[in-house]
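Worksheet: one structure, shown below.
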Amino acid sequence: MKLTVWTYEGPPHVGAMRVATGMRDLHYVLHAPQGDTYADLLFTMIERRNHRPPVTYTTFQARDLGSDTAHLFKTACQDAYDRFRPQALIVGASCTAELIQDDPGGMAETMDLPVPVIPLELPSYQRKENFGADETFFQIVRTLARPMERTARVTANLIGPTALGFRHRDDITEVTALLADMGIGVNVVGPMGASPDDIARMGQAHFNVLMYPETAESAARWMERELGQPFTKTVPIGVGATRDFVAEVAAITGVEPALDDSRLRLPWYSASVDSTYLTGKRVFLFGDGTHVAAAARIARDEMGFEVVGLGCYNREQARTIRALAKDYGVEALITDDYLEVEQTIEALAPEMILGTQMERHIGKRLGIPCAVISAPVHVQDFPARYSPQMGIEGANVIFDTWVHPLVMGLEEHLLTMFREDFEFHDEAGASHHGGAAKARVEEQEAEETPAPGAPAQSSIEIVWLPAAEKELKKIPFFVRGKARRNTETYASERGVSEISVDTLYEAKAHYAR
Amino acid sequence: MKDLAPTGCRDLPVLKQRGQHEVFCGLTGIIWLHRKMQDAFFLVIGSRTCAHLLQSAAGVMIFAEPRFGTAILEETDLAGMADAQEELDREVARLLSRRTDIKQLFLVGSCPSEVIKLDLARAAERLSQQYAPNVRVLNFSGSGIETTFTQGEDACLASMVPVLPASDERQLLLVGALPDVVEEQALGLLADMGIGPVRVLPAARAADEYGIGENTVFAMTQPFLGDTHGALERRGARHIPAPFPFGDEGTTAWLRAVADEFGVSDEVFERVTAAPRARAQKAVAQAAEVLRGRSVFFFPDSQLEVPLARFLTRECGMQAVEVGTPFLHKGLVGPDLDLMEGEFTLSEGQDVDLQLDRVRAAQPDLTVCGLGLANPLEAEGLTTKWAIELVFTPVHFYEQAGDLAGLFSRPIRRRDLLKVEAAE
Ligand code: SF4
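Chains as they are written, first to last, in my numbering: chain A, 1 to 513; chain B, 514 to 937.
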């Protein structure tokens, strides 16, 4: 038993729903109690889908238990087939149905439905949403795809995008364009947009582009083995990764590498003088492994940030993320415990968080700006406009999205100069963000109480003398956390237990760059 | 109520179909109950699905650490390798040592905990003894195999009734979790009529507790509290049947029934209710302008459907096509049904696919349904109102009557407003 408040991932059958809902002409019969139908709203509300997910829930009740839940399943399955006439069915159990052991797969098989029925075994008490999506897509591909003659032209399957994925819709467009630049066509995109008939002809492609390892790595490996299709290992998020991706595709296919970067703006925007203020911004990254790895590279190499911590919530990527963290000289945080992430952020006091919608809430609470880089996401992360993460336009979008929560360059200096001004004070936040400006309250004591438990790695108790505490408050809010931390580290390294104004400035001089 | 000339839909035949339900389970009630009961913590013993439901239904994360959480059962708990009762004790100990503000702890059963027959009553009893007198531990089921949406609140309140002390004080008990602003208005109206003492279930804090007994009469502010109704009657309390306090008419009838019980004179009743009543009529009339003559179709959701259909048909001039409810408790919504007239389908339970066929055939002007159905139906050209908002928003009594009508009129006004075609 483990107490959980907020979760990064839903149960595995929600992953299966993401696959089914992304596809066409497939139907999912889910043995589950009525309350599990809440999952529909993830798609209809958060993603604003205009169709119900293609899922039939058996909605068994307590009084059905022990008597005829199996019969209920068969009826639901037959009704679903008759009503929706899908090209294939997937069947499975949610957490509760797993306990009553009705074996939906076995039952559906005995029904002699005229279409393929794909049973799913998703262990609800061990695994989570991403596993569910990956396993479901793998089972569908394994059942339906066969070796086939390759297309005359070089083509690829784009695999991994699902319903409810972070910017999957737009990434497909972007990757399709990247391949088109090299004269490579797209055979099938799946699960998103594919029908079971499309899946059946995936074998025609020359290789697979694994867009999201979280949801399609098992399928990619199976197709490599059984269909002889190599797959790409680079996820083209960021400028460097996009260039690497092009090189990798060229190596796989023997096609000349080509990239039209005439619309690429990130490198120049990042080099332009206004971006000087981004230098060394301390950022913390958290999300799914794939997006965190991509974001870390962009943060350090393309934006000039300092990565002070990173981690992921999906254990499947723990090894990759640990290795990555080592490379960045930080410790990896592998957890799906929201409170642990919050504590880590609080202790690290970064100037910006690149995370999920969960970290956005943490940021709000701690007063740290946050940009979203990964699922789980909320309704505002499904924008109406085109906003991919991958490829050329993805890099542009990322530059804008990450810079937006920060205080702009010149504004930063003005804030420093006029921090005592009654309306242009630091607590008012960045001027381009909505929300009523807060009037400055003089000598507000409750504000900025010393961070509990700080400093993190010190055995001696460090206290701030009142004058130093007051001086600290004169430092603008967006660097105050860093100043507090540096000073405390400086003090503890020297065995100083009381921080005076002098200590503060000595530390400042020490860390000056 | 005698003067309201009941027309009587109480004996209307009820359409019952068994197919897929598209409703929340009772766990959802925790989203509003934990806000209402300020020293209570709701600990669901369930699966990742349960945790995910709570998070998704809450829509936003209200606090970094809200007063609810899910103890997620793991493989070891199911395989019997770990004693689930011991595991529970450990989680509770950890929680209570960190959250000393908690005075009431609810252990909330889920489908998985019920299927594996985890005895939460036993756990609650044991933990209650252990943490008395600081924390009281109760249990109820919010599982989807036992409860539908608002029935979670019913199960919660019903679990609190047996532990209330005994008292033979003559008193009125208001039953149902209401937003504070609404509750205060109701208490104000009752106090102005000289009715008292008035208690509220659930009370905001454990310390605000009271006793009940044979001299307690109770009025329900929510129609979905059938089990609580039964539990109160078992303690000797007596129910005052009335239409539910939605809209001017419902509020007046509800107050009248309570006033009659306490012998309030017509003059006093008139003096206290005249002004807010006039305000409610005015506000409803304004909002109802776009509703008049339009048709409405209710999917089953919260059990509020019958009283709301009564409000919409009688006070806003709408025509009901179908009134679906997950559970029809005639002892509670009978007075509302009595007031309704006209021809409509009254349905209980659900086969969502068949019901969708009916709504498509009927093409109502407004469809009241859950979040999973709203956008797909909008995309098909129907105008919808999400039912969950009716449970989360202040809609009871006079001052909210206009807001209630507004919740239904806004989607229709919006559809009339939006023009995205070229200007020709
Ligand atoms: S229906 Fe059952 S398993 Fe599903 S969320 Fe509700 S209590 Fe949990």
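Just so it is clear, CB atoms sit at the ideal spot from N, CA and C, and this is done for glycine as well. Because the structure is a prediction, the values reported are computed rather than measured.
For V283 of chain A, the enclosing beta strand (DSSP E) begins and ends at 282 to 287. Along the segment 869 to 892 of chain B, the positions whose C-beta sits under 8 Å from a C-beta of chain A are G883, L884, G885, L886, A887, N888, P889, E891, A892, read in chain order. Contact between the segment 718 to 728 of chain B and the segment 653 to 660 of chain B is not established, with fewer than three Cβ pairs separated by less than 8 Å. For the pair E588 of chain B and Y125 of chain A, the CB atoms are nearer than the 9 Å cut-off. Taking a Cβ-Cβ threshold of 9 Å, none of the residues of chain A is close to Q664 of chain B; the smallest such distance is about 11 Å. By the Cβ test, the segment 347 to 361 of chain A is in contact with the segment 277 to 294 of chain A, since at least three Cβ pairs between them sit closer than 8 Å. Look at P86 of chain A: its C-beta is not under 9 Å from any C-beta on chain B. Residues of chain B with a Cβ closer than 7 Å to the Cβ of T7 of chain A are, in chain order, R561, A564, H565, Q568.
Sequence-distant partners of L620 of chain B (beyond 5 residues in either direction) whose C-beta falls short of 7 Å from its own C-beta, in its chain, are L556, I558, L633, A636, A637, V650, N652. In the three-state reduction of the DSSP assignment, E469 of chain A falls in the helix class. Interface criterion met: the Cβ of Y125 of chain A is under 9 Å from a Cβ in chain B. Three or more Cβ pairs closer than 8 Å define a contact, and the segment 14 to 27 of chain A meets that threshold against the segment 84 to 99 of chain A. Taking 9 Å as the CB threshold, T541 of chain B lines the interface with chain A.
Distances from the CA of G92 of chain A to each of A:P104, A:L99, A:R83, A:Y81 were compared; the closest alpha carbon is that of A:P104. Rounded to whole angstroms, the separation of the alpha carbons of N130 of chain A and T906 of chain B is 35 Å.
Look at A20 of chain A: its C-beta is not under 9 Å from any C-beta on chain B. Three or more Cβ pairs closer than 8 Å define a contact, and the segment 362 to 376 of chain A falls short of that threshold against the segment 150 to 160 of chain A.
With respect to chain A, the C-beta atom of A634 of chain B has no partner C-beta closer than 9 Å. With a threshold of 8 Å, the Cβ atom of S262 of chain A does not count as near the ligand SF4, since no heavy atom of the ligand is closer than that.
At a beta-carbon threshold of 8 Å, the residues of chain A lying near V536 of chain B are Q34, G35, T37, ordered along the chain. Relative to the non-hydrogen atoms of the ligand SF4, the Cβ of D36 of chain A comes within a distance shorter than 8 Å of at least one.
In this structure, the ligand SF4 has a non-hydrogen atom nearer than 8 Å to the beta-carbon of T562 of chain B. Per the Cβ contact rule, the segment 657 to 675 of chain B is not in contact with the segment 97 to 111 of chain A (fewer than 3 Cβ pairs under 8 Å). Under DSSP, A679 of chain B takes part in a beta bridge, and its partners are B:I725. Contact of R607 of chain B with chain A is assigned, a C-beta pair being separated by under 9 Å. Using a Cβ distance threshold of 9 Å, A318 of chain A and I334 of chain A count as a contacting pair.
Sequence-distant Cβ neighbours of E342 of chain A in its own chain, meaning closer than 6 Å and more than five residues away, are I362.
Interface criterion not met: the Cβ of G363 of chain A is under 9 Å from no Cβ in chain B. Under the 9 Å criterion on CB atoms, S656 of chain B is classed as interfacial with respect to chain A.
Excluding sequence positions up to five before and after R928 of chain B, its CB lies within less than 8 Å of the CB of T896, all in the same chain and listed in chain order.
Not one beta carbon of chain B lies nearer than 9 Å to the beta carbon of I334 of chain A. Closer than 8 Å to some heavy atom of the ligand SF4: that describes the Cβ of A32 of chain A. At the C-beta level, M673 of chain B and L714 of chain B come within 9 Å of one another. Residue-level contact by beta carbon holds for C624 of chain B and chain A, with a gap shorter than 9 Å. Nearest Cα to A509 of chain A within the set A:T487, A:S500, A:D336, A:E248: A:T487. A Cβ-Cβ contact shorter than 9 Å links F231 of chain A with F207 of chain A.
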